[in-house]
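Be aware that the sequence shown starts at 1, since it is given in UniProt numbering, and climbs by one per residue. Glycine included, C-beta positions come from ideal geometry on N, C-alpha and C. I have placed the structure first, in the form of structure tokens, so that the comments after it can refer back to it.
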Amino acid sequence: MDYPTEQQLPVQVRDIVKKFRVPVDRLKVISDDMVAAMKRGLESGSGRQSSIGMLPSFVPALPDGTEIGNYCAIDLSGKNCRILLVVFEGPGHEPVKDIQNFVVPKQVMTGTGEQLFNFIINSLKKVLRDAKVEDQTFHIGFVFSFPCELTSIREARLLWWTKGYNIPDCLQKDMVTLLDDALELSMTVKGRVKAIMNDTVGQLAASHAKYGDECIAACVIGYGCNSAYLEDVKNIKKFDPEEFNYRHEKMVVVAEWEEF
1 MDYPTEQQLP VQVRDIVKKF RVPVDRLKVI SDDMVAAMKR GLESGSGRQS
51 SIGMLPSFVP ALPDGTEIGN YCAIDLSGKN CRILLVVFEG PGHEPVKDIQ
101 NFVVPKQVMT GTGEQLFNFI INSLKKVLRD AKVEDQTFHI GFVFSFPCEL
151 TSIREARLLW WTKGYNIPDC LQKDMVTLLD DALELSMTVK GRVKAIMNDT
201 VGQLAASHAK YGDECIAACV IGYGCNSAYL EDVKNIKKFD PEEFNYRHEK
251 MVVVAEWEEF
């Protein structure tokens, strides 16, 4: 497709485009301010406040393409519930993928926790049935892009709802426990949640699996805008590894820069 040059655009459009141009010297100022805010965010536990949260994700490493096994991703990031089945066969093999999208009904978004997790389980059952893999066991990753307090890679306490959701009986509860309980009650789905994260961390993991060390960060622009990258734990000054029995040298940090 041939795109018009700027001079070929109508005058009104050119005027709008100009407003999105940021001079290089101004970009340098923004960049320096962002780096400073990110550093403060890594230290904010000591009392220094920042407009960039720099939240620990408890994810210690990223996939590199050598993984083998059956995996399932459940992505509840908004009004859609996406379920992805992936079979990794090791280096040199493109992962086999099967993905389906389910629109979460309004009555479920404002109903009860039981209704929400039953909807997720029923959607997962359909995907497994369609793929004819109901008898297989999957490692499950839960992408849950709502404000949570994480205390491990498998524990995330919901603080509040966003994006049109309002399910009071889920507040202050661990989302992994709720999903694992629903999986156990289903009696048919074989698998348990191995990790919970938001969509930015999921994007970083997926991109790193494909591109390796060429991928150093991920940025998501959708319902919101966010980024994540792998940081040395020693630089996360506000995080005490001993308190959480964290024995790894690195951890994915989620910027949460929407207030910057």
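Please look up how many angstroms separate the CB atoms of residue i and residue j, rounded, as I've assumed it's under 8 Å.
{"i": "ASP98", "j": "LEU116", "result": "So it is not a contact: roughly 23 Å between Cβ atoms."}
{"i": "PHE119", "j": "LYS190", "result": "About 19 Å; that fails the 8 Å criterion."}
{"i": "ILE74", "j": "GLY90", "result": "In fact, because the Cβ distance is near 24 Å, the residues do not count as touching under 8 Å."}
{"i": "LEU158", "j": "PHE142", "result": "That pair is no contact at about 12 Å."}
{"i": "PHE260", "j": "MET34", "result": "6 Å"}
{"i": "GLY65", "j": "GLY212", "result": "7 Å"}
Could you pull the start and end residues of the beta strand (DSSP E) that residue i belongs to?
{"i": "GLU258", "result": "Unbroken run through GLU258: none, as it is neither H nor E."}
With distances taken between CB atoms, is the gap from residue i to residue j smaller than 9 Å?
{"i": "PHE58", "j": "TYR71", "result": "no"}
{"i": "LEU42", "j": "GLU231", "result": "yes"}
{"i": "ILE121", "j": "ALA182", "result": "yes"}
{"i": "ILE153", "j": "ALA206", "result": "no"}
{"i": "ILE167", "j": "GLY111", "result": "yes"}
{"i": "ILE215", "j": "SER227", "result": "The question names Ile, yet the displayed sequence has Cys at residue 215. No."}
{"i": "ILE83", "j": "VAL133", "result": "no"}
{"i": "GLU258", "j": "GLY224", "result": "yes"}
Answer with buried or exposed for residue i, where buried requires no fewer than 16 other C-beta atoms within 10 angstroms of its C-beta.
{"i": "THR200", "result": "buried"}
{"i": "PRO56", "result": "buried"}
{"i": "TRP160", "result": "exposed"}
{"i": "LEU76", "result": "buried"}
{"i": "LEU171", "result": "exposed"}
{"i": "ASN101", "result": "exposed"}
{"i": "MET187", "result": "exposed"}
{"i": "ALA61", "result": "exposed"}
{"i": "PHE164", "result": "Looking at the sequence shown, residue 164 is not Phe but Gly. It counts as exposed."}
{"i": "LEU204", "result": "buried"}
By the DSSP assignment, the alpha helix (DSSP H) with residue i in it spans what residues?
{"i": "TYR71", "result": "Where TYR71 is concerned, there is no enclosing alpha helix (DSSP H), although the beta strand (DSSP E) it sits in stretches over 68-76."}
{"i": "ILE30", "result": "24-43"}
Complete beta strand (DSSP E) runs within the stretch 122-169 (minimum length 3 residues, chain order): 138-144, 148-152 and 155-158
Taking only runs that begin and end inside the UniProt domain "Hexokinase C-terminal" (217-260), name each unbroken beta strand (DSSP E) of 3 or more residues, in chain order. 217-221, 225-232 and 250-254
Which complete alpha helix (DSSP H) runs does the stretch 177-218 hold, if anything under 4 residues is left out? 199-211
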